[in-house]
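Trainee: The numbering used here runs 170 ahead of the 1-based position in the sequence shown.
The C-beta atom is built at its ideal place from N, Cα and C for all residues, glycine as well.
The structure is given below, and queries will be raised subsequently.
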Amino acid sequence: MEEMISKVLIDQDTIKKRVSELGQQITNDYRGKELLVIGIFKGAVPFLADLIREIKIPLKYDFMAVSSYGSSAVSSGAGRSLKDLDTSVEDYHVLIVEDIVDTGLTLKYLKENLARRHPLSLKIATLLDKPDRRRVEISPDYCGFTIPNEFVVGYGLDYDEKFRNLPYIGVLKAEVYKK
Ligand code: 5GP
Numbered sequence: 171m172e173e174m175i176s177k178v179l180i181d182q183d184t185i186k187k188r189v190s191e192l193g194q195q196i197t198n199d200y201r202g203k204e205l206l207v208i209g210i211f212k213g214a215v216p217f218l219a220d221l222i223r224e225i226k227i228p229l230k231y232d233f234m235a236v237s238s239y240g241s242s243a244v245s246s247g248a249g250r251s252l253k254d255l256d257t258s259v260e261d262y263h264v265l266i267v268e269d270i271v272d273t274g275l276t277l278k279y280l281k282e283n284l285a286r287r288h289p290l291s292l293k294i295a296t297l298l299d300k301p302d303r304r305r306v307e308i309s310p311d312y313c314g315f316t317i318p319n320e321f322v323v324g325y326g327l328d329y330d331e332k333f334r335n336l337p338y339i340g341v342l343k344a345e346v347y348k349k
């Protein structure tokens, strides 16, 4: 698998340190509050798993899955929920945990969808942010790293459902896409 990576963008130690910092920040910001962390399938799973263990206050977590956008859906900005929450959010401060914010369409949809359920508050934590590609105005409240406009894999992020298990964020060799 490693031989298919052309460049390591963010190594394992750097991710670990930054996730720990975010965990501390979230711990301080949510102390005394009922926190519900919502992970977005599938890419956010490794980030969520590491992040929640750096948050030192009681919390609950749940998952949502949304469809990826077809070309027509991109222009409408609509998304589709494929797996909904098991819990109601009304009594919780909700923190959405995502792998990457790219165009912002996924999070815009999710934010609007969750806001309609009236959580006590609603914020976004993302491991990566690619602001160059943004199509809608959305900015994460907690962000691990801002990255340039490159397609990245690893630490939950896939190409063709693979490479999610790489422990770092990397860029694939061009030949991988040609196969
Ligand atoms: P958005 O709706 O913000 O455009 O896209 C969010 C989703 O697109 C992410 O959750 C992720 O699944 C996918 N995505 C965006 N950029 C990348 C990237 O560089 N690499 C991978 N593997 N997926 C990406």
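Mind checking which residues open and close the alpha helix (DSSP H) that includes GLU268?
Mentor: No alpha helix (DSSP H) holds GLU268; the beta strand (DSSP E) holding it covers 263-271.
Trainee: Among VAL346, ALA344 and ARG334, whose alpha-carbon lies nearest the alpha-carbon of GLY213?
Mentor: Checking every option, the nearest Cα to that of GLY213 belongs to ARG334.
Trainee: Please work out which residues of its chain come closer than 7 Å, Cβ to Cβ, to MET174, disregarding the five sequence neighbours upstream and downstream, and give them in chain order.
Mentor: Hits under 7 Å: LEU342, LYS343 and VAL346.
Trainee: Would you give the residue range spanned by the beta strand (DSSP E) that ASP311 belongs to?
Mentor: From DSSP, ASP311 is part of no beta strand (DSSP E); its letter is neither H nor E.
Trainee: If distances are taken between C-alpha atoms only, which option among PRO216, HIS263 and LEU255 comes closest to GLY202?
Mentor: Comparing Cα-Cα distances from GLY202 to each of PRO216, HIS263 and LEU255, the minimum goes to HIS263.
Trainee: Thinking C-alpha only, which one of LEU255, HIS288, ILE317 and LEU292 is nearest VAL271?
Mentor: Measuring from the Cα of VAL271, the nearest candidate turns out to be ILE317.
Trainee: Using alpha carbons as the reference points, say which of GLY193, LEU206, TYR231 and LYS278 lies closest to LEU221.
Mentor: With distances taken between Cα atoms, LEU221 lies closest to GLY193.
Trainee: Three or more beta-carbon pairs under 8 Å between the segment 250-261 and the segment 223-232, yes or no?
Mentor: Result yes; three or more Cβ-Cβ pairs closer than 8 Å.
Trainee: Identify which residue in GLU204, ILE208, VAL236 and ASN198 has its Cα closest to the Cα of GLU224.
Mentor: Considering only alpha carbons, the answer is ASN198.
Trainee: DSSP state of VAL215, grouped into three classes?
Mentor: VAL215: helix per DSSP, three-state reduction.
Trainee: For TYR231, which residues does DSSP report across the bridge?
Mentor: BP columns for TYR231 point to VAL207.
Trainee: Which residue marks the beginning of the beta strand (DSSP E) containing SER176, and which one marks its end?
Mentor: Where SER176 is concerned, the enclosing beta strand (DSSP E) stretches over 175-180.
Trainee: In angstroms with no decimal places, state the Cα-to-Cα distance between ARG250 and SER237.
Mentor: Between ARG250 and SER237, the C-alpha separation is close to 5 Å.
Trainee: Within a Cβ cutoff of 8 Å, which residues of the same chain sit near GLY219, ignoring the five residues on either side of it in sequence?
Mentor: Here residue 219 turns out to be Ala, not Gly, going by the sequence shown. Result list for ALA219: empty, nothing under 8 Å.
Trainee: May I ask you to check if the CB of LYS300 is nearer than 7 Å to at least one heavy atom of ligand 1?
Mentor: LYS300: yes, Cβ under 7 Å from ligand 1.
Trainee: What does the alpha-carbon distance come out to for the pair SER242 and ARG304?
Mentor: Note that SER242 has pLDDT 41, beneath the 50 cutoff, so the model's placement of it is unreliable and no number is given.
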